[in-house]
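Numbering (the working numbering), first residue to last: 333 to 871.
Okay, structure coming up:
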């Protein structure tokens, strides 16, 4: 069979240096990935819809009977971690713009999650520019001067830099600027993976590291199997030894929580670990059980802490599963953004972050995430106290953990209830995040928290759920579409007053308001906020 034609770049203005990323050979590689794997991707997306319909019918989930032998077999383990990924006690996350690239690599964290997914709005400039940032980082051409402050940024010596783990987009997102001969868009996951792997795999190997990835939004072991097939083909195609790729899977969907062992098994030659992606996990619970009645109604987002019984079940099962199979268990995000003006806000927040990281280290996690460089030393202290000089604590098998299906689904074990303040916050975060996303920003500081697409998904999903479950708030009001519109109109008026008429008009505030209400109020629930938002994203 002849090689497919390279994908065409459509509806995109030429970018500086794009020819360094969009080479003929690199595009040919992406075209081959698209030809081989997009049909199976499409089948798995259809399977998601079928599974969601089954959950809606039964209002339950369970561990898969057909893979019981994989879970029961004590003999298998994932491949040993390469040296560059053996100590992961603190990982920083963020988009791949030039400033973040320098700051993350210099942060003192052991790993940087270089994000093409939830922390990045997929404008063509961000997609191509992010690839350039990583190429320039590996060739030490990434120095950066802030045009506003005049401050210069430069990389520290190589030995002091974080190890890069790239997160491509999820399977559900297409890249509209790259299409095949039939005009079909290439999946964003294959674009992000393919361009990065093609340009950097050998360079990373020569530097003593390798092409490492975080896999987002995985919903089943079959989706992990597809990624494994992609890795095998990519390595064979470029003449790289199998097993060079390492992948950490985010367990950020409720369905994946029931298939952790199977996911590791499918990727075992390439698996590095699992991560507890707490925000998307809550979004997934709401999405899958949104019409399951009061039993599945989540309270305000900030009331669902990691000490909630169903969240404890999820994280402890993750640690037990990973350590049983020789994989790293990576904890969740500390999203606090330190204030330069309010020391008291920082003091209270730092104590919460410290307690969260102490809990994770004490539970057996091998590392955890932070969103800001100022949190790296704090998280490092928590894990240093437990790990000492050891790179991880995989020897803690957590055989005391016994999690059953009902434990993972015990959403109604929380005492907290939805509040009017929670509704207001969901609207505020939703509008403010979507407005920034439409301007090409995927990681946004809102009320001293780093918000990304996952938290916006929770916001709009909770509004939808509370309306459809006829929730009565703490002030006695029932959540209705009318109340949501009233709160959203109030937020828009507050933003106009806060910003001034000129700045308000220059932003995307009305557009963001309208889009939030669409995805929060439409009877047909959109699977992902970013799908209709992408249709409105310019660039």
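The C-beta atom is built at its ideal place from N, Cα and C for all residues, glycine as well.
Distance, residue j Cα to residue i Cα
| i | j | result |
| --- | --- | --- |
| residue 384 | residue 585 | 12 Å |
| residue 503 | residue 565 | 18 Å |
| residue 594 | residue 483 | 48 Å |
| residue 589 | residue 583 | 6 Å |
| residue 437 | residue 361 | 28 Å |
| residue 897 | residue 833 | Here the chain covers residues 333 to 871 and nothing more, so residue 897 does not appear. |
| residue 657 | residue 633 | 32 Å |
| residue 430 | residue 448 | 13 Å |
| residue 736 | residue 840 | 46 Å |
| residue 651 | residue 410 | 14 Å |
| residue 377 | residue 823 | 36 Å |
| residue 666 | residue 335 | 45 Å |
| residue 579 | residue 561 | 13 Å |
| residue 837 | residue 555 | 43 Å |
| residue 541 | residue 408 | 25 Å |
| residue 359 | residue 339 | 6 Å |
| residue 386 | residue 397 | 16 Å |
| residue 477 | residue 428 | 16 Å |
| residue 872 | residue 488 | Here the chain covers residues 333 to 871 and nothing more, so residue 872 does not appear. |
| residue 527 | residue 866 | 21 Å |
| residue 846 | residue 569 | 46 Å |
| residue 860 | residue 848 | 12 Å |
| residue 825 | residue 491 | 51 Å |
| residue 679 | residue 768 | 28 Å |
| residue 637 | residue 691 | 12 Å |
| residue 357 | residue 367 | 15 Å |
| residue 742 | residue 628 | 8 Å |
Buried versus exposed, by CB contacts within 10 Å (16 or more), residue i
| i | result |
| --- | --- |
| residue 804 | exposed |
| residue 717 | exposed |
| residue 621 | buried |
| residue 506 | buried |
| residue 689 | buried |
| residue 761 | buried |
| residue 774 | buried |
| residue 567 | buried |
| residue 619 | buried |
| residue 684 | exposed |
| residue 630 | buried |
| residue 610 | buried |
| residue 639 | exposed |
| residue 864 | exposed |
| residue 720 | exposed |
| residue 349 | exposed |
Bridge-paired residues (DSSP) for residue i
| i | result |
| --- | --- |
| residue 657 | DSSP output for residue 657 lists no bridge partner at all. |
| residue 334 | BP columns for residue 334 are empty, so no partner. |
| residue 534 | Bridge partners of residue 534: none, in fact. |
| residue 507 | 518 |
| residue 485 | 476 |
| residue 603 | 579 |
| residue 782 | 777 |
| residue 341 | 510 |
| residue 787 | In the DSSP output, where bridge partners are listed per residue, residue 787 has none listed. |
| residue 523 | Per DSSP, none; premise fails for residue 523. |
| residue 498 | 446 and 545 |
Test: residue i CB closer than 7 Å to a CB of chain D
| i | result |
| --- | --- |
| residue 397 | Judged by its chain identifiers, the structure shown contains no chain D, having just a single protein chain. |
Whole runs of the alpha helix (DSSP H) within the segment 344-422, excluding any shorter than 4 residues: If you keep only unbroken alpha helix (DSSP H) runs of at least 4 residues inside the segment 344-422, you get 350-353, 356-390 and 400-404.
I'd like to know if the segment 739-751 and the segment 828-835 are in contact, where contact means that at least 3 CB-CB pairs between them fall below 8 Å. Verdict: no, contact absent.
Kindly confirm or deny that the segment 638-649 and the segment 754-767 touch, where touching means at least three C-beta pairs closer than 8 Å. No, because fewer than three Cβ pairs between the segment 638-649 and the segment 754-767 fall closer than 8 Å, the two stretches do not touch.
Segments of 4+ residues assigned as alpha helix (DSSP H) that fall wholly inside the segment 790-871: Counting only runs of 4 or more, we get 813-831, 833-838, 841-853 and 862-868.
Decide if the segment 456-471 is in contact with the segment 799-815; the criterion is three or more beta carbon pairs, one per stretch, under 8 Å apart. As far as the Cβ criterion goes, the segment 456-471 does not touch the segment 799-815, which means the pair count is below three.
Give, in chain order, every unbroken run of the alpha helix (DSSP H) that is at least 4 residues long and sits entirely within the segment 632-687. Entirely contained in the segment 632-687, the alpha helix (DSSP H) runs reaching 4 residues are, in chain order, 641-656.
Mind pulling the alpha helix (DSSP H) runs of 4 or more residues that sit fully within the segment 527-597? Taking only runs of at least 4 residues, the alpha helix (DSSP H) segments lying wholly in the segment 527-597 are 553-569 and 586-589.
Note down, one range per segment and in chain order, each beta strand (DSSP E) of at least 3 residues found wholly within the segment 411-481. For secondary structure counted as the beta strand (DSSP E) over 3 or more consecutive residues, the segment 411-481 holds these complete runs in sequence order: 422-427 and 443-447.
Should the segment 413-424 be called in touch with the segment 467-475, which here means at least 3 C-beta pairs below 8 Å? Contact fails: fewer than three Cβ-Cβ distances are below 8 Å.
Does the segment 391-399 come close enough to the segment 510-524 that 3 or more CB-CB pairs lie under 8 Å? The answer is no - the segment 391-399 does not touch the segment 510-524, with fewer than three Cβ pairs under 8 Å.
Three or more C-beta pairs closer than 8 Å, one from the segment 485-505 and one from the segment 519-528: is that the case here? At 8 Å Cβ cutoff, the stretches touch.
Touch test, the segment 596-614 against the segment 786-794, Cβ-Cβ under 8 Å, three pairs minimum: With contact defined as three or more Cβ pairs closer than 8 Å, the segment 596-614 and the segment 786-794 are in contact.
Does the count of Cβ pairs from the segment 661-676 and the segment 690-707 closer than 8 Å reach three? With the cut-off at 8 Å, the segment 661-676 and the segment 690-707 touch.
At which residue ranges does the segment 672-756 contain complete beta strand (DSSP E) runs of 3 or more residues, listed in the order of the chain? Counting only runs of 3 or more, we get 699-702.
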